[in-house]
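One line per chain: the protein sequences are A and B, in this order. Take 87 as the starting number for the first sequence in the working numbering and just add one per residue. Take 10 as the starting number for the second sequence in the working numbering and just add one per residue.
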Amino acid sequence: MRVVNICTATQERSPGTVCLKMAATISSVQCMGKITENEMQRQTDVITSIKPIALPKGVKKLCELCKKPAFMQCLQCRVTFYCGSDHQTSDWEGIHDQICTQLIPLRSPEPHFSTESKRKEHADELFQQKRQLLQLTRAVGQKLLFEGKAEKAIPAVLQSLHFAIEVYGLSSIELVTSYLMLAEACIGLHRLKEAEDYLSQAQWTVLMVPDCDYRIKSQVHRQIGRLCEVKGDYEEALRHLAEDVYHCSIVTSTDDVETSGGYFHMGNIFLKLGKTDKAETLYYRVLKIWHKYLTGIVTFNVEEEEKSSSLLTSPKMINLGKAQEAEAVKVLSAIHAWYSEMSDRHQLEFSYSCKTQALLNFVIGDRSQAKVCAERALEALGDDEKKQHTRRAIASFLNLCRTTPQPSLSRR
Amino acid sequence: MSGLTTQLPAIGFTLPESSGLQSDNTNGKTTMEQWQEGAGNRTTSCTHRRFLVGSQNPVVQKSCSPTLTQKLAKKSKRIIDNSVSADKTAKKGSSEGQKRSLKKGERELLKKNVALRSQQPYMTLEETMRHRNSYFHRLCVDTLAGGFHETFTELVNLARQEQQQREQEGAAAAAQPSSPSRPPLATQPEKLDTMRSCLARAEEADMKSNFEEEYKAQHELARYFNQTGDAWLEDHMLAACLNTSHKVSKCKASNQRIAESNCNIGVSLENQSRWSTAAAYFESFYNLTACQYWEDDNGRLLRSIACEHLTRIYTKMAERVSPVDRDNAMAYLLKAYDKAKEGDSNEALGATSYQLGLAYCDRGDQERAIKYLTVFMEVCQKQNDQIGLGESYEAIAKAYESQGNMTDAKTYLQRYLEVAQSSGHRDALYRASLSLGEIYNLTGDFAAATDCFQRAYELCAASSPDTSSARLAQVLCGVTRAHSLLLPYNTRVVDLPSATPALLRWKEQRKWQEDVE
Numbered sequence: 087m088r089v090v091n092i093c094t095a096t097q098e099r100s101p102g103t104v105c106l107k108m109a110a111t112i113s114s115v116q117c118m119g120k121i122t123e124n125e126m127q128r129q130t131d132v133i134t135s136i137k138p139i140a141l142p143k144g145v146k147k148l149c150e151l152c153k154k155p156a157f158m159q160c161l162q163c164r165v166t167f168y169c170g171s172d173h174q175t176s177d178w179e180g181i182h183d184q185i186c187t188q189l190i191p192l193r194s195p196e197p198h199f200s201t202e203s204k205r206k207e208h209a210d211e212l213f214q215q216k217r218q219l220l221q222l223t224r225a226v227g228q229k230l231l232f233e234g235k236a237e238k239a240i241p242a243v244l245q246s247l248h249f250a251i252e253v254y255g256l257s258s259i260e261l262v263t264s265y266l267m268l269a270e271a272c273i274g275l276h277r278l279k280e281a282e283d284y285l286s287q288a289q290w291t292v293l294m295v296p297d298c299d300y301r302i303k304s305q306v307h308r309q310i311g312r313l314c315e316v317k318g319d320y321e322e323a324l325r326h327l328a329e330d331v332y333h334c335s336i337v338t339s340t341d342d343v344e345t346s347g348g349y350f351h352m353g354n355i356f357l358k359l360g361k362t363d364k365a366e367t368l369y370y371r372v373l374k375i376w377h378k379y380l381t382g383i384v385t386f387n388v389e390e391e392e393k394s395s396s397l398l399t400s401p402k403m404i405n406l407g408k409a410q411e412a413e414a415v416k417v418l419s420a421i422h423a424w425y426s427e428m429s430d431r432h433q434l435e436f437s438y439s440c441k442t443q444a445l446l447n448f449v450i451g452d453r454s455q456a457k458v459c460a461e462r463a464l465e466a467l468g469d470d471e472k473k474q475h476t477r478r479a480i481a482s483f484l485n486l487c488r489t490t491p492q493p494s495l496s497r498r
Numbered sequence: 010m011s012g013l014t015t016q017l018p019a020i021g022f023t024l025p026e027s028s029g030l031q032s033d034n035t036n037g038k039t040t041m042e043q044w045q046e047g048a049g050n051r052t053t054s055c056t057h058r059r060f061l062v063g064s065q066n067p068v069v070q071k072s073c074s075p076t077l078t079q080k081l082a083k084k085s086k087r088i089i090d091n092s093v094s095a096d097k098t099a100k101k102g103s104s105e106g107q108k109r110s111l112k113k114g115e116r117e118l119l120k121k122n123v124a125l126r127s128q129q130p131y132m133t134l135e136e137t138m139r140h141r142n143s144y145f146h147r148l149c150v151d152t153l154a155g156g157f158h159e160t161f162t163e164l165v166n167l168a169r170q171e172q173q174q175r176e177q178e179g180a181a182a183a184a185q186p187s188s189p190s191r192p193p194l195a196t197q198p199e200k201l202d203t204m205r206s207c208l209a210r211a212e213e214a215d216m217k218s219n220f221e222e223e224y225k226a227q228h229e230l231a232r233y234f235n236q237t238g239d240a241w242l243e244d245h246m247l248a249a250c251l252n253t254s255h256k257v258s259k260c261k262a263s264n265q266r267i268a269e270s271n272c273n274i275g276v277s278l279e280n281q282s283r284w285s286t287a288a289a290y291f292e293s294f295y296n297l298t299a300c301q302y303w304e305d306d307n308g309r310l311l312r313s314i315a316c317e318h319l320t321r322i323y324t325k326m327a328e329r330v331s332p333v334d335r336d337n338a339m340a341y342l343l344k345a346y347d348k349a350k351e352g353d354s355n356e357a358l359g360a361t362s363y364q365l366g367l368a369y370c371d372r373g374d375q376e377r378a379i380k381y382l383t384v385f386m387e388v389c390q391k392q393n394d395q396i397g398l399g400e401s402y403e404a405i406a407k408a409y410e411s412q413g414n415m416t417d418a419k420t421y422l423q424r425y426l427e428v429a430q431s432s433g434h435r436d437a438l439y440r441a442s443l444s445l446g447e448i449y450n451l452t453g454d455f456a457a458a459t460d461c462f463q464r465a466y467e468l469c470a471a472s473s474p475d476t477s478s479a480r481l482a483q484v485l486c487g488v489t490r491a492h493s494l495l496l497p498y499n500t501r502v503v504d505l506p507s508a509t510p511a512l513l514r515w516k517e518q519r520k521w522q523e524d525v526e
């Protein structure tokens, strides 16, 4: 009872120090899966309990994730505290495992230096370390998000937000990336209110920096659009996605791969609104953009390989980045699924979608799957006289799949 | 920095009053302290926070906070940034010290401002965007949100293309600052609106596979650009029309639209003086209309329109090359004549045959010249075109004259004179008289020639006696009179041996002696 009292008192006294939002986010993070006996063993190795009431006056130990009073301590670094084993497990699996020891110098009290230059040196060192940690946590969070593990990604992304604030300050544009990732995770977990808050922060920051990078602008609008879509406010969602497409196309082009994401989401919304024709043209456009892009990569890679095999040098291949690959797989498979449903009506488009899938698999390095897709594309095309040209293109691609050795292109 | 939180609702979302995200515990500052710092900002909401925070009296804080937070939440949905007095208060407050509570007067002023603001209209997210972004931006987003992504692409690409053109021209224009500059496409709302509506209509029709409608929308836009004088945009739309027309022809099994769009492109190219390409488009238009009885909106056969266009363009091309390359000019003229003969326009036929006649005349091929000129004459007779008839007579007469056939030349010139007299055209009459006079002069009929020149002189002298044409007629008249005296001179002076001494005698005495004869 007394402990509880202290907790509330701590909270009341310092409203500013508590990240209420984060607390809300994390308090609903549930313990992931069942904790096996092994895990239990590990936990007892790693953590130890602390008694807040026994701490010296003025020292408050707060949970790493929810900023509530902590009752546990990480034994490895001894600078991280948790309110319970749930949050400890989440944090450990999410990010703490990878940054545990690196946190020690950041959180332990500053050692005494006799000269100004030494102190400065130390501060610089810490700053650099924070930057590295920012990059690391962001990368980990992004990876987990791409893998669809939104829940697991949250601790990492939160950490990245902490580091971003420490490195760049509160109103920096650098924070937007973290906000967006958090929002994405929250949308994935259907926690719309929190997603909305993060996106508001992101949007406000972008508004305050009018000449920031177009990617950030378009990403912010895209996430807001997705949020509105989930909330069912389709009008608003369309407006935001339109903004996204606009910002992208002004800087790159209207038929760039970056722009295509906006088109895809718009297509989804039109589908939900029942405007199938519009959705279809948008999907087809996305397909066309990706098809062109992937064809370019495949041709380049094949040429490069031939060149390198004749010159005996290692080929300089283009690969999709991780983010792009994840997007491509997501978008193209969604469109493919839609066309498969409608394959009786849109034979040509279905075949086109199959071919794009094949190209994607080829670029990713999955030759056998590429072959299967290409064969399906050929099959769906039927034997119309007019489509001879397309048939030939697919056939030559199929040939390429069969002839080129599997490992050479899939070297990633 | 701390001004962010409550301003956020202005951009569409509501955020709880104390968002933990804002706090930065590493600084060791509480949100309150941050708020106080933020009071220096020029944003009005900060002023309220200062008021809230600065009053150390807990009672005041308690009583004020609910109403104020309410007001804040309300207010933040509006865009308000025009209250200068509130700003002043904020500045004053921050300069005098952070922890001072506001005086009564200041508080009232603040309340007044809040009341003023509550009278301001609410603005939706869309309205704020309208204020914030350019017209082009708004239009693009509206278009996209309506699902017209092709229209959007077209708009963006055209604007970009124009921008690039400008940049290229920029260097050239810098050298000539006097050249008038057109405003960029993105800053012309009227044009953008028209483009958007037409293109969206076309896209909608395309989605429904109603290509006829799509063609019409695109064509309308092309015509609009024709009026505004944006040639490159017109070309772009006409090319789009041509593309669509191929789709139309697949559906309707009729090439009429293709033919029409070919014709339109030809006309546009012709206006830009790109004649050879225009001729190529007209040719394909002509070929497409072969054996077809399509009619345009006015009920005219497309075939004859094609002939007319081709005739015109070939004539123009002939005119252009004629000073350099006469053979080519002749070839173009012949082509023009062929097309004119096929077409239904008598005027075009007359004009080309006349030009062809003249060209042959120049080359010395009088036979053919007379043939074509006769065609012209017939056309003029059919059309009852007195001036043209006169011209044809004149040209034929000239051809005959250079052939050496004076009698025929004379007849045609007489006809010319008659026509000129009946039409009362002064200039034609003058020219006819002169030409006829010359012919008479050449054939030795000096009296008739004198008559003609006399008439010509009188014609001029009546209106302007001292012009070159009048003087010419005068001189010619004199010459022919002199010529008419040649015969008496020969018979009476040259042939008679006594005539010369008699003349000399007369010259000395200056008295006419009857007996000399």
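Here a beta-carbon is modelled for each residue, glycine too, at the ideal position from N, C-alpha and C. All values reported here derive from a predicted model rather than from experimental measurement.
Assumed close pair residue i, residue j - CB separation to whole angstroms, cut-off 8 Å
i: B/Leu445; j: B/Leu422; result: 4 Å
i: B/Ala214; j: B/Glu223; result: 4 Å
i: A/Val343; j: A/Tyr379; result: 5 Å
i: A/Gly347; j: A/Glu391; result: That pair is no contact at about 30 Å.
i: A/His326; j: A/Ile310; result: 5 Å
i: A/Val145; j: B/Leu153; result: Not confirmed; about 55 Å, so no contact.
i: B/Ala168; j: B/Leu194; result: 5 Å
Proximal residues to residue i (C-beta, below 6 Å), its chain only, five neighbours per side dropped
i: B/Pro67; result: Caution applies to B/Pro67, whose pLDDT of 37 falls short of 50 and renders its modelled position unreliable; the value that the coordinates give is listed next. Nothing meets the Cβ criterion.
i: B/Cys272; result: Phe294
i: B/Ser530; result: Chain B is shown from 10 up to 526; residue 530 of chain B falls before or after that span and cannot be answered.
i: B/Ala437; result: Gly399, Ala429
i: A/Arg462; result: Cys440
7 Å CB neighbourhood of residue i in its chain, flanking five on each side removed
i: B/Thr298; result: Ala268, Leu311, Arg312, Ala315
i: A/Leu373; result: Ile421, Tyr438, Ser439, Thr442
i: A/Glu282; result: Leu313
i: A/His190; result: Here residue 190 of chain A turns out to be Ile, not His, going by the sequence shown. Excluding positions up to five away in sequence, the list reads Cys163, Val165.
Euclidean distance between Cα positions of residue i and residue j
i: B/Gly433; j: B/Leu358; result: 26 Å
i: A/Phe436; j: A/Met267; result: 33 Å
i: A/Cys186; j: A/Thr134; result: 15 Å
i: B/Ala456; j: B/Tyr381; result: 34 Å
i: A/His208; j: A/Gly180; result: 29 Å
i: B/Thr237; j: B/Ser472; result: 46 Å
i: A/Leu222; j: A/Ala423; result: 35 Å
i: A/His307; j: B/Glu136; result: 17 Å
i: B/Glu243; j: B/Glu229; result: 10 Å
i: B/Asn280; j: A/Lys303; result: 44 Å
i: B/Asn500; j: B/Leu512; result: Residue identity check: residue 500 of chain B is Thr in the sequence provided, not Asn. C-alpha separation (whole angstroms): 14 Å.
i: B/Lys121; j: B/Ser110; result: 18 Å
i: B/Ala181; j: B/Arg175; result: 10 Å
i: B/Gln170; j: B/Glu163; result: 10 Å
i: B/Leu365; j: B/Ile405; result: 12 Å
DSSP beta-bridge partners of residue i
i: A/Thr134; result: A/Gln159
i: A/Tyr168; result: A/Met158
i: A/Leu148; result: A/Pro155
i: B/Glu304; result: B/Leu310
Outcome for residue i when other beta-carbon atoms lying within 10 angstroms are tallied against a minimum of 16
i: B/Trp515; result: exposed
i: B/Tyr131; result: exposed
i: B/Tyr425; result: buried
i: B/Asn296; result: exposed
Close Cβ partners of residue i (< 8 Å) along its chain, the five nearest in sequence each way excluded
i: B/Tyr409; result: Gln375, Ile379, Met415, Asp417, Ala418, Tyr421
Heavy atom of the ligand PLP within 7 Å of residue i beta-carbon
i: A/Trp290; result: The ligand PLP is absent from the structure shown, which contains no ligands of any kind.
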